[in-house]
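Contents: one structure, followed by commentary.
Residue numbers (our numbering): 92 to 397.
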């Protein structure tokens, strides 16, 4: 919704001056990170070496996702990023040694099938070679953001013993710093100043709301959930997001975000995956993973991630 408010002519004047996806990612991370940093209490400022690759992974995820969202259909980018539960499930079982039950594997298979249907339906059929290359590139960026998002989830799971608000602040501010440095080095000081001063006052207000409401608070809730949920369980629950996001985009910009038959079919498969996972059919009840694990196990998780 925030991306469409800032990039589409909706009569609010927020689309001018034009903001690039990376500039939106920069300010989204900056405002969200500053808000979360203000909530960090004394003694919660901790550091572990594994936090560095976590921040890098989060930055890459944000850049890929917002680029795919800004250059293509919202539903495609959202559904493709939310292939992450598939990768989380595989990586968590292989790298962290977490258990994966039969129902979980069936769930991620259904979700992956839905994503394949969406990619196939969005694959360019009749367009110029240049348009075809761009559409394929956008689809690959969306899929890549899903793979990298899985890495973010696993890092947050490994670091679950640290304050959630601190981890989120690190990720968001780290994203802003890394994107800012990238633009400074790539374009030079003069162009960088022009880049960061592009937004109007109204756009700054929307970017601040986006950083706090769409990034800071949700990621704080998600990170806290990983204290007592496994990485794959938490990722599967967030499949609710891709079912709702295209609705908000369609309500704002139906001319560019009208769902296609492939999106309906793929989204239905993802919804079926959620139903299959959580509707209480007759099955043996498994006790939830323990909220507390030993320090030695946490260190082993970090080694596995490395």
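We treat Cβ as the ideally placed atom computed from N, Cα and C, and that holds for glycine.
Does DSSP put residue i in a helix, in a strand, or in coil?
| i | result |
| --- | --- |
| residue 225 | helix |
| residue 198 | helix |
| residue 131 | coil |
| residue 204 | helix |
| residue 344 | coil |
| residue 174 | coil |
| residue 119 | helix |
| residue 237 | helix |
| residue 144 | helix |
| residue 157 | helix |
| residue 412 | As shown, the chain starts at 92 and ends at 397. That puts residue 412 outside it, with no answer to give. |
| residue 335 | helix |
| residue 58 | The requested residue 58 does not occur in the structure, where the chain is confined to residues 92 to 397. |
| residue 220 | helix |
| residue 360 | helix |
| residue 351 | coil |
| residue 193 | helix |
| residue 251 | coil |
| residue 150 | helix |
| residue 329 | coil |
| residue 101 | coil |
| residue 380 | Residue placement at residue 380 is poorly supported in this model, since its pLDDT is 49, which falls under 50; the coordinates still yield a value, given next. Of the three classes helix, strand and coil, the one that applies to residue 380 here is coil, per DSSP. |
| residue 302 | helix |
Within the continuous alpha helix (DSSP H) that includes residue i, where are the two ends?
| i | result |
| --- | --- |
| residue 111 | Taken as a continuous stretch (DSSP letters only), residue 111 belongs to no alpha helix (DSSP H), as it is neither H nor E. |
| residue 269 | 255-278 |
| residue 94 | 93-98 |
| residue 291 | Residue 291 -> no alpha helix (DSSP H), and no H or E assigned at all. |
| residue 308 | 308-316 |
Going by CA-CA distance only, name the one from the options that's closest to residue i.
| i | options | result |
| --- | --- | --- |
| residue 192 | 257, 360 and 324 | 324 |
| residue 99 | 261, 253 and 346 | 346 |
| residue 225 | 197, 367, 158 and 352 | 158 |
| residue 361 | 331, 178, 95 and 211 | 331 |
| residue 250 | 321, 117, 302 and 290 | 321 |
| residue 352 | 117, 197 and 209 | 209 |
| residue 301 | 102, 110, 109 and 123 | 123 |
| residue 176 | 134, 237 and 229 | 237 |
| residue 349 | 355, 356 and 341 | 341 |
| residue 133 | 262, 202, 256 and 354 | 256 |
| residue 288 | 364, 316 and 110 | 110 |
| residue 151 | 269, 275, 197 and 303 | 269 |
| residue 174 | 366, 202, 314 and 143 | 202 |
| residue 116 | 154, 336 and 309 | 154 |
| residue 147 | 262, 275 and 211 | 262 |
| residue 94 | 181, 243 and 299 | 299 |
| residue 131 | 142, 103 and 260 | 260 |
| residue 248 | 308, 128, 275 and 182 | 182 |
| residue 368 | 326, 242, 343 and 305 | 326 |
| residue 311 | 295, 114, 126 and 107 | 126 |
| residue 120 | 264, 112, 229 and 294 | 264 |
| residue 355 | 118, 199, 97 and 207 | 207 |
| residue 185 | 233, 329, 242 and 228 | 242 |
| residue 364 | 328, 344 and 336 | 328 |
| residue 258 | 97, 307 and 112 | 307 |
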